[in-house]
Amino acid sequence: MHAQHELGFLHLDHGMDLEAIADVSSSRRKARKAHFTAPSHIRRKLMSAGLSKDLRKKHDVRSIPVRTGDEVVVVRGQHKGREGKVTAVYRKKWVIHIERLVREKVNGATIPIPVHPSNVAITALKLTKDREDILSRKAEARKARVERA
8 MHAQHELGFL HLDHGMDLEA IADVSSSRRK ARKAHFTAPS HIRRKLMSAG
58 LSKDLRKKHD VRSIPVRTGD EVVVVRGQHK GREGKVTAVY RKKWVIHIER
108 LVREKVNGAT IPIPVHPSNV AITALKLTKD REDILSRKAE ARKARVERA
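Numbering (our numbering), first residue to last: 8 to 156.
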């Protein structure tokens with residue numbers, strides 16, 4: 008059995024513990040370092056958001072990486088309940104910017120308020136061919152897992 012690890016590949020045989028493998032560490036320090044120094048293509052996946060209940064039911068998928076053009080609602084924090092379209096996914100700062108979620112500076116300029124993707128729920132997806140493929144692949148994997156159990 009092969010399992011993919013975020014920062015490389017792991018090759019697991021049946022009955023092997025993760026602790027027995029040298030590639031995986033349970034060290035908090037190493038986990039944090041791997042997270043905060045992750046390259047952009049891995050940050051994309053780490054910056055995923057959950058789907059709303061109706062989208063979850065429709066696509067049979069729980070979460071997907073956020074992209075520009077998705078419509079989201081803030082579900083946690085000071086701006087809970089605010090809705091809008093994602094205008095930017097700022098991977099370097101681990102945040103997204105949402106259309107009408109801005110604040111005014113003292114000089115009158117408006118700046119977007121950064122929100123972490125884990126604090127939003129996607130209410131409408133910007134669907135492309137690639138994204139549809141991702142959704143179908145995740146749904147198939149979920150069905151296969153349910154059948155095995």
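We treat Cβ as the ideally placed atom computed from N, Cα and C, and that holds for glycine. The structure presented is a predicted model; accordingly, all values stated were derived computationally and were not measured.
Check whether residue i and residue j have beta carbons under 9 Å apart
i, j, result
"residue 73", "residue 129", "yes"
"residue 109", "residue 103", "no"
"residue 92", "residue 79", "yes"
"residue 133", "residue 77", "yes"
"residue 84", "residue 70", "no"
"residue 146", "residue 62", "no"
"residue 101", "residue 50", "yes"
Residue interval of the alpha helix (DSSP H) (run including residue i)
i, result
"residue 145", "136 to 155"
"residue 133", "Taken as a continuous stretch (DSSP letters only), residue 133 belongs to no alpha helix (DSSP H), as it is neither H nor E."
Top-ranked residue by Cα proximity to residue i, from the options
i, options, result
"residue 149", "64, 68, 35 and 41", "68"
"residue 139", "30, 66 and 54", "66"
"residue 94", "111, 101 and 75", "75"
"residue 87", "125, 31, 46 and 36", "125"
"residue 47", "35, 96, 106 and 122", "96"
"residue 121", "42, 111 and 105", "105"
"residue 60", "34, 44, 35 and 127", "127"
DSSP-derived helix/strand/coil call for residue i
i, result
"residue 55", "strand"
"residue 63", "helix"
"residue 112", "coil"
"residue 107", "strand"
"residue 46", "coil"
"residue 125", "helix"
Beta-carbon separation (whole angstroms), residue i vs residue j, contact threshold 8 Å
i, j, result
"residue 54", "residue 89", "Incorrect: roughly 19 Å between the Cβ atoms, too far for contact."
Delimiting residues of the beta strand (DSSP E) encompassing residue i
i, result
"residue 7", "In the structure displayed, the chain extends from 8 to 156; residue 7 sits before or after that span and is not available."
"residue 79", "78 to 81"
"residue 70", "70 to 72"
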